[in-house]
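Chains as they are written, first to last, in this note's numbering: chain P, 1 to 370; chain W, 1 to 390.
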């Protein structure tokens, strides 16, 4: 929340330049201070109870801004019978609301204190000027139309039919005229003083003075004093605002605050995600490594075990074989000895036998014993 | 390669080529109209409805459905699920093409497309959520391009370059997740600036969280869905590893998507509770909201769960398709259908035929390019020379 507010203020601060009060460029982000708008910003008070629906303001606006002439002339008041909104060549409209008597309401850019459009613009083509005007710089505009999505009052229009240089159009608060010391076109021409130009903070006082001085004449609410964090245009009415096409459900939160939470997560994501993900990677890598080591160890153990077992078996086999061999040798020796003994006994019995046979048998026995 | 070319020449008039050819031809005509007569000549956009389906579908759905790139690559390279390896390349390619097409589509929608670099290089409006979207999409498109280059390098035989890029895999993957988290969520946060225009059931202070969470299962579902299509049409391009691993990918993502979608239903209900919007559920808009939440999140979540429990890939594939539809419905609800809900019906927006035509044209271009790349480069199979290299 804090971050976006700071960024927002910084962007506005950059727009103002070095010449303005230092307080404006100060970051309020981490503090509990509240941005109240530019103290000397101008505004217009529109007292709808005074408006007679003459459409003079529309005409003046058209001439001052050198806009295309509409199909139906400005003195054709039948136009008021249909509900209209601002358009690409129409910066302001007056709408009629049937009541007794009819109520006329002028509609144009309200020049918010903290504009949704300026906060939404990704090229800073829309800025809040220190005079109070929300100004548009065509030379930066990409034409994404996010400002139109963001505007709670549905004011900005777009020149959709221009293929090469389409642009956003809306009321400028007659900033060039203000800088020349003149009144905005609509205010200057208004025959009934339904429009009053002045410093916004003074206009709020004027508005409340009118409400208190004429009890019952007005709804006790200055529309725009707090709506969407406050607007430079202020409205007085004798009929509930909802009934004259002005939404009462907008709340008092400045638009930039709606997105500040989401913007505030950016640094946290950028800071935390790489750490967390590298950690996850390291953990999974480590688990793999440990699993690998454990597997190797298990294999080694099994191998060692198998070798031991084999060696043991081999040893046993060896011992057994040696034994068997020894037994076999012994048996053979025994057998030979027995045979020799037998032979000797037989010889002893038959001493008279020929000597050749006796010699051969004696040599054989000797060989076997070796 | 010469062999491939002769085959392609022989089969120039396949049904696929004829249909895509006609669509692209119409698309070119609309393009000419758009840039000679203006946005107004081809769209139904007006001053109350500045964003139509070129934003609601091409941008919102395009980005959400291209989330498969970061989901799959992080599953494989960060979470160490190596069995997803053969799914990474197709997912990266789809994501790269998806984002490239989003940027392409933006050229139709914004008034002066040649100024699209302005927010990043010339006059950054850092307080705007759209700036965050633009910057992240620009950076992520670059990341995806680099992540995709090994396929091209293998095809072209640039071994050294490929080895060099492969060394960046982990860093690129982490960077991709960071950027995706940011821009997926900020696409939702775009609408947080207009609480008075978006219906309260869809508007929430948590919109950015909803968009990020739903991008995860959008990505997974798209990987499964796209895999299903690829198996049908590009089966011969798949190697044994890909075929052997594909069922594991389907089951794994199916299970994961089921869990996340259950969680998604949970946080949506929390969102309603936080703003105490229960009473809207009994209205017409409430019914429509329940169609989306129950019919296109809860239902496929259950289907996914059943599919992964029974090891039934058919269930999972149906659930994936259903979820993709649900994501499209959700993004269109927020950007077009439930946006400006308070306006009288005469002032509401309905897309023109030419807008729909442009969108179909752009999707078709994506399919054609995907097919071109997947039939030539080692996407669905490993290059024989690099089998041991990952």
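Backbone N, C-alpha and C fix where the C-beta goes; we use that ideal spot for every residue, glycine too.
Query                                                                                                                                                                                                        : Result
For the alpha helix (DSSP H) that residue 280 of chain P lies in, which residues bound it at each end?                                                                                                       : 256-349
Name, please, each residue of chain W whose Cβ falls closer than 7 angstroms to the Cβ of residue 122 of chain P.                                                                                            : 119, 125, 128, 130, 131, 134
Counting along the chain, where does the beta strand (DSSP E) carrying residue 54 of chain W start and finish?                                                                                               : Neither: residue 54 of chain W is in no beta strand (DSSP E) and is coded neither H nor E.
Please compile the residues from chain P whose C-beta is within a distance smaller than 7 angstroms of the C-beta of residue 80 of chain W.                                                                  : 284, 285, 288
Roughly how many angstroms separate the alpha carbons of residue 74 of chain W and residue 250 of chain W, rounded to a whole number?                                                                        : 16 angstroms
With the cut-off set at 8 angstroms, would you say residue 270 of chain W and residue 278 of chain W are in Cβ contact?                                                                                      : no
Could you spell out the range, first to last residue, of the beta strand (DSSP E) harbouring residue 47 of chain P?                                                                                          : 42-47
Leaving out the 5 sequence neighbours to the left and right, which residues in its chain are closer than 7 angstroms to residue 131 of chain W when beta-carbon positions are compared?                      : 119, 124, 125
Give me the Cα-Cα distance between residue 331 of chain W and residue 46 of chain P, rounded to the nearest whole angstrom.                                                                                  : 40 angstroms
Might you give, ordered along the chain, the residues of its own chain that have their beta carbon closer than 7 angstroms to the beta carbon of residue 386 of chain W, omitting 5 neighbours on each side? : 154
I need the boundaries of the alpha helix (DSSP H) containing residue 330 of chain W, first residue and last residue.                                                                                         : 313-332
Which residues in chain W sit within 7 angstroms of residue 162 of chain P, going by Cβ to Cβ distance?                                                                                                      : 38
Got a sec? Which residues, its chain only, sit under 7 angstroms from residue 143 of chain P by beta carbon, not counting five neighbours each side?                                                         : 166
Hey, how far is the Cα of residue 82 of chain W from the Cα of residue 287 of chain P?                                                                                                                       : 13 angstroms
The alpha helix (DSSP H) spanning residue 285 of chain W covers which residue range?                                                                                                                         : 284-290
Can you confirm whether residue 85 of chain P, when its beta carbon is compared against all beta carbons of chain W, has any partner nearer than 8 angstroms?                                                : yes
Please classify residue 215 of chain W as buried or exposed, where buried requires at least 16 other C-beta atoms within 10 Å of its C-beta.                                                                 : buried
Identify the contact partners of residue 158 of chain P in chain W, using a Cβ-Cβ distance below 9 angstroms as the criterion.                                                                               : 39, 40, 45, 46, 47, 50, 111
Apply the 10 Å Cβ neighbour rule to residue 185 of chain W and answer buried if 16 or more other Cβ atoms are within range, or exposed otherwise.                                                            : buried
Hey, which unbroken runs of the alpha helix (DSSP H) at 4 residues or more fall wholly within the region 36-121 of chain P?                                                                                  : 56-64, 116-120
In chain order, what residues of the same chain lie with their CB nearer than 6 angstroms to the CB of residue 19 of chain W, ignoring the 5 residues before and after it?                                   : none
Please confirm whether residue 181 of chain W has its beta-carbon closer than 8 angstroms to some beta-carbon of chain P.                                                                                    : yes
In chain P, what lies closer than 9 angstroms to residue 91 of chain W by C-beta?                                                                                                                            : Within 9 angstroms Cβ-Cβ: nothing; residue 91 of chain W doesn't reach chain P, min ~17 angstroms.
Under a CB-based cut-off of 8 angstroms, is residue 205 of chain W close to chain P?                                                                                                                         : yes
Compare the C-beta of residue 178 of chain W against all C-beta atoms of chain P and say whether one is closer than 8 angstroms.                                                                             : yes
Could you tell me the alpha carbon to alpha carbon distance between residue 77 of chain W and residue 270 of chain P, rounded to whole angstroms?                                                            : 19 angstroms
Cβ closer than 7 angstroms: which chain P residues qualify as neighbours of residue 195 of chain W?                                                                                                          : 258
Excluding sequence positions up to five away, which residues of its chain have a Cβ less than 7 angstroms from the Cβ of residue 351 of chain W?                                                             : 44, 52, 53
Would DSSP call residue 168 of chain W helix, strand or coil?                                                                                                                                                : coil
Should residue 60 of chain W go down as buried or exposed, given a rule of 16 or more other Cβ atoms within 10 Å for buried?                                                                                 : buried
Can you tell me whether residue 341 of chain W is helix, strand or coil according to DSSP?                                                                                                                   : coil
Does the beta-carbon of residue 308 of chain P have 16 or more other beta-carbons within 10 angstroms, so that it is buried, or is it exposed?                                                               : exposed
Where residue 232 of chain P and residue 61 of chain P are concerned, what is the direct C-alpha to C-alpha distance, given to the nearest angstrom?                                                         : 18 angstroms
Does any CB atom of chain P fall closer than 8 angstroms to the CB of residue 366 of chain W?                                                                                                                : no
Roughly how many angstroms separate the alpha carbons of residue 340 of chain P and residue 323 of chain P, rounded to a whole number?                                                                       : 25 angstroms
Taking 6 angstroms as the limit between beta carbons, can you name the residues of its chain near residue 183 of chain W, skipping five residues before and five after?                                      : 133, 136, 137
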